[in-house]
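S.K.: Heads up, the sequence shown is in UniProt numbering, so the first residue is 1 and it goes up one at a time.
Glycine is no exception: its CB is placed at the ideal position from the N, C-alpha and C atoms.
Here the structure is a predicted model, which is why all the values come from computation and not from measurement.
The structure follows.
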Amino acid sequence: MFPDSMARGSVRSAAELNEQIRALWLRSGGSLSARERAEYELLVVEWAAAIREKVIEAA
């Protein structure tokens, strides 16, 4: 899933995505491979979208 093709609205919560990001860093030992870096970038984009969605709902 790439940022341009993401549908509006994240299926996963920001908290769930945050946990996945933390788990990825723990599994990698703090040094991401190219594949892990790509996974990390997608997770961060999805996390940011979930945060924005939550802020918009609160407004």
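Here's a check: name, in chain order, each residue in its chain whose Cβ is nearer than 7 Å to the Cβ of residue 17, leaving out the five neighbours to either side.
M.R.: As a working mapping, residue 17 is identified with position 17 in the sequence shown. If we look at residue 17 and ignore the five residues flanking it on each side, its Cβ neighbours are 43, 46, 47, 50.
S.K.: List the whole-angstrom C-beta distance separating residue 24 from residue 39, where the pair is believed to meet the contact cut-off of C-beta under 8 Å.
M.R.: Position 24 of the sequence shown holds residue 24. Position 39 of the sequence shown holds residue 39. Rounded, the Cβ-Cβ distance is 6 Å, consistent with contact.
S.K.: Determine, using beta carbons only, whether residue 41 and residue 28 come nearer to each other than 7 Å.
M.R.: For the purposes of this step, residue 41 is taken as residue 41 along the sequence shown, with counting starting at 1. For the purposes of this step, residue 28 is taken as residue 28 along the sequence shown, with counting starting at 1. No, the pair does not count as a contact, with Cβ atoms beyond the cut-off.
S.K.: Got a sec, what are the start and stop residues for the alpha helix (DSSP H) residue 17 sits in?
M.R.: To locate residue 17, count along the sequence shown from 1; it is residue 17. Taken as a continuous stretch (DSSP letters only), the alpha helix (DSSP H) holding residue 17 covers 14-28.
S.K.: Using CA atoms only, rank isn't needed, just tell me which of 34, 54, 33 is closest to residue 12.
M.R.: As a position in the sequence shown, residue 12 is number 12, starting the count at 1. For residue 12, the nearest C-alpha among the options comes from 54.
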